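Enquirer: Quick one: this structure, given as structure tokens, is what I'll be asking you about.
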Amino acid sequence: KNLFYLLYIYSIKCLDNIKGERETSFLVNSVNSIIRLQMIYKSICRRPSTDMLRREIRMRRYRQFLLLSTELQDPADPLSKYTTQEFQNIYRLSKELFCELLNMIQGDLERSDNRGRPLPAVYQLLIALHFYCSGSYQKVVGDQHGLQVSQPTVCRTIHRVSEALAKRYSQFVTFPSVAEAADVHTKFYEVAQFPNVIGAIDCIHMRISNPGGAMAEQCKNSKGWYSVNCQVVVGPDLRILTAIVRWGGSVPDWQIYENSRLKQVLEQGEYGHLVGDSAYQCQRYLLTPVINPVTPAEKCYNRAHSSTRRKVKRVFGMVKRRFQCTSQELRSNPKTSCAIILSCFALHNFALERQGPPDDSEALYAPDDSPQDRFIGDDDPEGESYRQHIIYEWFSHDLSGVSYQTDDGMCKTQGW
18 KNLFYLLYIY SIKCLDNIKG ERETSFLVNS VNSIIRLQMI YKSICRRPST
68 DMLRREIRMR RYRQFLLLST ELQDPADPLS KYTTQEFQNI YRLSKELFCE
118 LLNMIQGDLE RSDNRGRPLP AVYQLLIALH FYCSGSYQKV VGDQHGLQVS
168 QPTVCRTIHR VSEALAKRYS QFVTFPSVAE AADVHTKFYE VAQFPNVIGA
218 IDCIHMRISN PGGAMAEQCK NSKGWYSVNC QVVVGPDLRI LTAIVRWGGS
268 VPDWQIYENS RLKQVLEQGE YGHLVGDSAY QCQRYLLTPV INPVTPAEKC
318 YNRAHSSTRR KVKRVFGMVK RRFQCTSQEL RSNPKTSCAI ILSCFALHNF
368 ALERQGPPDD SEALYAPDDS PQDRFIGDDD PEGESYRQHI IYEWFSHDLS
418 GVSYQTDDGM CKTQGW
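Each residue of the sequence shown is one higher than the one before, counting from 18 in this note's numbering.
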């Protein structure tokens with residue numbers, strides 16, 4: 018800049034000593050060129066500094082170097098970093114089940130090219146499982162494996178793994194067929210002598226962050242916090258039979274069931290009935306407890322109903338304890354949050370079928386922080402009549418064979 022300024026001053030002083038026209042034109046052109054160069058220099062000086070960009074590029078290359086030079090006991094097998102018991106305590110799966118799960122979704126996690134030095138599929142699944150089981154901040158999860166993975170990379174990894182598991186949801190969660198329904202009825206009857214039960218149904222609210230916009234009011238439940246209302250049907254062996262994870266917290270339980278395909282399947286009359294709480298309408302294929310039981314038969318019915326329905330509460334507790342992210346607020350967008358919840362339900366069945374329930378599964382119950390709403394609406398005459406029929410046929414006699422008197426004879430005239 019100083020050189021340009023000195024040349025400019027020198028050119029002005031030389032104008033007084035120039036006599037020829039040719040020399041004058043040459044000097045004027047030189048001065049104009051110098052002025053244009055000075056203007057270009059000033060415009061360049063006004064541009065923002067590129068030091069931050071260069072520093073970010075150096076840090077990115079350093080992280081990629083750490084990824085490739087991570088020191089493990091066996092560079093080809095990151096599972097060797099932990100013992101068998103340590104691995105199961107952290108990721109809630111044995112190493113054998115982890116490898117089986119990796120083989121199922123590895124095709125969706127690997128990339129065809131090596132652009133950007135992507136994370137290997139085994140590290141992606143490790144990061145996602147660590148987030149599911151710990152519920153820690155994504156930055157903390159990225160620092161646990163010695164890779165110094167950034168928070169945005171962890172976020173994209175969790176989204177990619179959750180989408181891969183949700184895509185294979187039907188492989189983990191299956192509803193029993195008509196031929197298997199009789200076996201399910203027998204297992205449920207052994208719990209509390211409640212007949213013809215195909216599953217226990219209930220809804221649970223999973224906390225999410227405020228989605229903002231029009232979805233904010235759809236996701237705000239009656240307690241004032243934001244959630245996704247998930248409908249789950251559980252079998253007698255604590256396995257999830259079906260789940261619906263797409264409704265906001267403002268939607269009541271009965272409305273989710275009314276708009277589900279499960280109701281249409283049950284109305285075919287080949288499966289039996291469900292047992293649910295008072296948040297549902299008592300229907301022919303969904304029995305609810307008696308609100309104010311008076312007779313001994315109704316009280317006996319409520320006790321058996323409660324013991325049978327307790328299966329779904331136990332599953333909620335198992336899921337929240339095994340996957341801590343579901344007991345905390347999910348800070349992803351609503352679509353990713355639903356994929357995470359659905360993945361946890363699928364992994365629950367995957368671990369339950371191959372490892373069995375945990376040792377303390379009998380004591381696992383979900384904390385009762387979800388809204389407890391009752392169904393407000395007109396009663397279904399067919400559902401009320403069928404419930405009275407069940408009470409009269411199965412719960413109006415005690416062990417000594419004494420029959421309790423019912424208030425009305427409506428159930429006697431029905432041809433169930």
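Cβ coordinates follow ideal geometry from the N, Cα and C atoms, glycine included.
Please read all numbers here as calculations on a predicted model, not as lab measurements.
(1) Below 6 Å CB to CB, which residues in the same chain sit around lysine 36 once its five sequence neighbours on both sides are set aside?
(2) Give the single residue among Gln272, Gly229, Tyr302 whose Cα lies nearest to the Cα of glutamate 401.
(3) How many Å lie between threonine 174 and glutamine 141 at the Cα?
(4) Determine the contact status of glutamate 315 and isoleucine 408, defining contact as a CB-CB distance below 9 Å.
(5) Give the DSSP bridge partners of glycine 252, in chain order.
(6) Under the assumption that histidine 322 contacts phenylalanine 211 (Cβ atoms under 8 Å), give the Cβ distance between them as a whole number of angstroms.
(7) Say whether chain C places a C-beta atom closer than 9 Å to the C-beta of glutamine 285.
(8) Does DSSP classify leucine 110 as helix, strand or coil?
(9) What are the start and end residues of the alpha helix (DSSP H) that includes isoleucine 408?
(10) For cysteine 220, list the residues DSSP reports as bridge partners.
(11) Could you give the DSSP three-state label for lysine 184: helix, strand or coil?
(12) Should leucine 89 be labelled buried (16 or more other beta-carbon atoms within 10 Å of its own) or exposed?
(13) According to DSSP, which residues form a beta bridge with alanine 260?
(14) Given histidine 202, which residues of its chain have a CB within under 8 Å of its CB, disregarding the five upstream and five downstream residues?
(15) Are the CB atoms of alanine 217 and isoleucine 122 nearer to each other than 9 Å?
(16) Between the Cα of leucine 255 and the Cα atoms of Gln235, Trp264, Lys328, which residue gives the shortest distance?
(17) Looking at serine 179 and alanine 356, is the spacing between their C-beta atoms short of 9 Å?
(18) Counting Cβ pairs closer than 8 Å, one from the stretch 180 to 198 and one from the stretch 218 to 231, do we hit at least three?
(19) Based on Cα-Cα distance, which residue from Leu96, Pro398, Pro351 lies nearest to glycine 230?
(20) Just curious, the alpha helix (DSSP H) that leucine 146 is in, first and last residue?
(21) What three-state label does DSSP hand histidine 414 in the structure shown?
(22) Please name the residue or residues paired with glutamine 300 in a DSSP beta bridge.
(23) For tyrosine 317, collect the residues of the same chain with a Cβ closer than 6 Å to its Cβ; drop the 5 residues on either side in sequence, then sort them by chain order.
(24) To the nearest angstrom, how far is the alpha carbon of serine 349 from that of arginine 177?
Expert: Working from what's here:
(1) For the purposes of this step, residue 36 is taken as the residue at position 19 of the sequence shown. Because the pLDDT at lysine 36 is just 49, under 50, the model does not fix this residue reliably, and the point stays unresolved.
(2) The residue labelled residue 401 in the question sits at position 384 within the sequence shown. With distances taken between Cα atoms, glutamate 401 lies closest to Tyr302.
(3) Residue 174 sits at position 157 when you count from the first residue of the sequence shown. Residue 141 sits at position 124 when you count from the first residue of the sequence shown. In a straight line, the C-alpha of threonine 174 is about 6 Å away from that of glutamine 141.
(4) Numbered from 1 along the sequence shown, position 298 holds the residue referred to as residue 315. Numbered from 1 along the sequence shown, position 391 holds the residue referred to as residue 408. Yes. Within cutoff.
(5) As a first step, residue 252 is located in the sequence shown; it is residue number 235 there, counting from the start. In DSSP, glycine 252 forms no bridge with anything.
(6) Reading the sequence shown from its first residue, position 305 is the one you call residue 322. Reading the sequence shown from its first residue, position 194 is the one you call residue 211. The pair is a contact, with the Cβ atoms about 6 Å apart (cut-off 8 Å).
(7) Protein chain content of the structure displayed is limited to a single chain, and chain C is not contained in it.
(8) Position 93 of the sequence shown holds residue 110. Coil, per DSSP.
(9) Position 391 of the sequence shown holds residue 408. Run containing isoleucine 408: 398 to 411, per the alpha helix (DSSP H) assignment.
(10) Translated into positions along the sequence shown, residue 220 becomes position 203. In the DSSP output, where bridge partners are listed per residue, cysteine 220 has Gln248.
(11) Within the sequence shown, the letter at position 167 stands for residue 184. Lysine 184: helix per DSSP, three-state reduction.
(12) Locating residue 89 in the sequence shown gives position 72, counting from the first residue. Annotation note: pLDDT 40 at leucine 89 (below 50); position unreliable, no value reported.
(13) As a working mapping, residue 260 is identified with position 243 in the sequence shown. Alanine 260 is bridged to Val249.
(14) To locate residue 202, count along the sequence shown from 1; it is residue 185. Only Pro212, Asn213, Val214, Ile215, Gly289 meet the Cβ criterion.
(15) By one-based count along the sequence shown, residue 217 stands at place 200. By one-based count along the sequence shown, residue 122 stands at place 105. Their beta carbons are not under 9 Å apart, which means alanine 217 does not touch isoleucine 122 by this criterion.
(16) The residue labelled residue 255 in the question sits at position 238 within the sequence shown. Considering only alpha carbons, the answer is Lys328.
(17) Within the sequence shown, numbered from 1, the residue matching residue 356 stands at position 339. Within the sequence shown, numbered from 1, the residue matching residue 179 stands at position 162. Yes; because the gap between Cβ atoms is below 9 Å, this pair is in contact.
(18) no
(19) Residue 230 sits at position 213 when you count from the first residue of the sequence shown. Answer by Cα proximity: Pro351.
(20) The residue labelled residue 146 in the question sits at position 129 within the sequence shown. Where leucine 146 is concerned, the enclosing alpha helix (DSSP H) stretches over 138 to 151.
(21) For the purposes of this step, residue 414 is taken as the residue at position 397 of the sequence shown. In the structure shown, histidine 414 sits in a strand (DSSP, three-state: E or B).
(22) Position 283 of the sequence shown, counting from 1, holds the residue named residue 300. For glutamine 300, which the question treats as bridged, DSSP gives the partners Leu303.
(23) Stepping through the sequence shown from its first residue, residue 317 is reached at position 300. A quick correction: the sequence has cysteine, not tyrosine, at residue 317. Cβ neighbours of cysteine 317 beyond the five flanking positions: Phe412.
(24) Taking the sequence shown and counting its residues from 1, the one referred to as residue 349 is at position 332. Taking the sequence shown and counting its residues from 1, the one referred to as residue 177 is at position 160. Cα to Cα, the separation comes out at about 13 Å.
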